[in-house]
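As structure tokens, the structure follows; a few thoughts come after it.
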Amino acid sequence: MDGATIERAALVALLRRPGTSWSEIALSIQEIGSAVTVLDRTVGRSDTLFPETDSVEELITAAAQEIAGWQAGGIGVHAFFDDTYPAQLLGVREMPPLLFTRGDLRLRDRAVAVVGSRSATAEGLRIARAVSTSLANRGVTVASGLAKGIDTVAHTSTLEAGGRTVAVIGTGIHHYYPATNRRLQDQISEVGLVLSQFWPDSPPTKQSFPMRNAVMSGYAAATVVVEAGEKSGARIQARLALQHGRPVVLTSQVMQCDWAKSFAENPGVYTAHGTVDLLEAVDDILGRLPTEAGLENFPDLALH
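The opening position of the sequence shown corresponds to residue 242 in the numbering used here, with each subsequent residue numbered one higher.
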């Protein structure tokens, strides 16, 4: 195995350890500069009733075999220290140390997230379709979460317009959730990208979807919230987007909610009353975006 393969396998071995904090593992590797060194300092040194019997070399070999199996099944495996890891996620606090992908992963993707309620209204679906189609026609990637309602329309409208779409999912990449979007997920993996931060066989959980929203916010240069209730994942994403220094666009549909009215007072939040107003806000944000060659260094998009 070459050095990069060994380091990636060491990371997987570390993350597979019971009770491991993924964020702490990433910080340790960043501080020390080697996943192998962190693994070597960890194995056999925990206070457990039953001592570990596997050596570092055995753990790395087993992890490398697991990675090879994923890759043989068409899954891309990307560690945060790999050259293939999306640059725009590297500065995000919730950065996953490991990503799994199907499709065309781009190091720097000029993307805008379009998100909203699963129980969308007809007007919400119309708005999602209009903004997604407009973004696709402008050559901008549309990111969404492959959920029912707004997300599904964002993905399908982008594909119908011949654009690129990225599905950031809240399950392992072997799962289809919801099951009704199985064909859509496969289509996106063929012409766009399906991205997951979870082990490939991981089922959906209550915690996985807010985690997915954090990654989608970091992946995208901005978030458009079409519809979102008081406890929706789209509301969580709007909050996280501002923490990540990404602008947020709220539609008139969202502004009917109490959370949005107070949220709109924050710098970096655009409120759009009508589709034309929304597209003007998106165009203003796009005009501030760097080219794909410089997406790792976003300008101060929080000011408008």
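C-beta atoms are modelled at their ideal positions from N, C-alpha and C, and glycine is treated no differently.
These numbers were taken from a predicted model, which means no experiment stands behind them.
C-beta atoms of residue i and residue j nearer than 8 Å
i, j, result
"residue 352", "residue 432", "no"
"residue 316", "residue 250", "no"
"residue 372", "residue 517", "no"
"residue 425", "residue 393", "yes"
"residue 409", "residue 386", "yes"
"residue 454", "residue 481", "yes"
"residue 272", "residue 322", "no"
"residue 377", "residue 404", "yes"
"residue 445", "residue 477", "no"
"residue 459", "residue 333", "yes"
"residue 305", "residue 246", "yes"
"residue 515", "residue 358", "no"
"residue 456", "residue 330", "yes"
"residue 475", "residue 504", "no"
Range of the contiguous beta strand (DSSP E) that encloses residue i
i, result
"residue 249", "Per DSSP, residue 249 belongs to no beta strand (DSSP E); it is in the alpha helix (DSSP H), 244-256."
"residue 343", "339-344"
"residue 348", "No beta strand (DSSP E) contains residue 348, which DSSP labels as neither H nor E."
"residue 382", "382-385"
"residue 409", "406-409"
"residue 331", "Unbroken run through residue 331: none, as it is neither H nor E."
"residue 512", "510-513"
"residue 437", "434-437"
"residue 317", "317-320"
"residue 463", "No beta strand (DSSP E) holds residue 463; DSSP gives it neither H nor E."
"residue 489", "489-492"
"residue 355", "352-356"
Residues of its chain near residue i, where Cβ-Cβ distance is below 6 Å and the 5 sequence neighbours each way are ignored
i, result
"residue 361", "390, 391, 468"
"residue 510", "489"
"residue 463", "353, 487, 488, 526"
"residue 522", "490, 511, 513"
"residue 395", "355, 369, 373, 383, 385"
"residue 335", "455"
"residue 493", "514"
"residue 420", "none"
"residue 325", "319"
"residue 345", "434"
"residue 259", "none"
"residue 520", "375"
Integer Cβ distance of residue i from residue j, believed to fall under 8 Å
i, j, result
"residue 337", "residue 440", "Contact flag wrong, Cβ pair sits at about 11 Å."
"residue 339", "residue 268", "Contact doesn't hold; Cβ gap of about 14 Å is too wide."
"residue 402", "residue 374", "5 Å"
Neighbourhood of residue i by C-beta, 7 Å cutoff - its chain only, sequence neighbours within 5 removed
i, result
"residue 288", "In this prediction, residue 288 has a pLDDT of 49, which is less than 50 and means its spatial position is unreliable; what the coordinates show is noted afterwards. Cβ within range, chain order: n/a, list empty."
"residue 501", "491, 495"
"residue 281", "297"
"residue 484", "none"
"residue 422", "387, 393"
"residue 290", "Model confidence at residue 290 stands at a pLDDT of 46, short of 50, so the residue's coordinates are unreliable and nothing is read from them."
"residue 428", "400"
"residue 473", "358"
"residue 365", "357, 358, 391, 467, 468, 494"
"residue 530", "351, 462"
Limits of the unbroken alpha helix (DSSP H) element including residue i
i, result
"residue 373", "363-378"
"residue 456", "449-460"
"residue 399", "391-401"
"residue 503", "499-504"
"residue 479", "474-484"
"residue 421", "Taken as a continuous stretch (DSSP letters only), residue 421 belongs to no alpha helix (DSSP H), as it is neither H nor E."
"residue 310", "297-313"
"residue 528", "516-529"
"residue 264", "263-273"
"residue 277", "276-283"
Contacts around residue i, its chain only, beta-carbon distance under 8 Å, and the 5 residues preceding and following it disregarded
i, result
"residue 343", "315, 316, 317, 414, 430, 434, 435"
"residue 442", "413, 415, 416"
"residue 449", "411, 412, 439, 443"
"residue 277", "247, 248, 251, 297, 301"
"residue 284", "293, 295, 296, 297, 300"
"residue 279", "251, 255, 266, 269, 270, 273"
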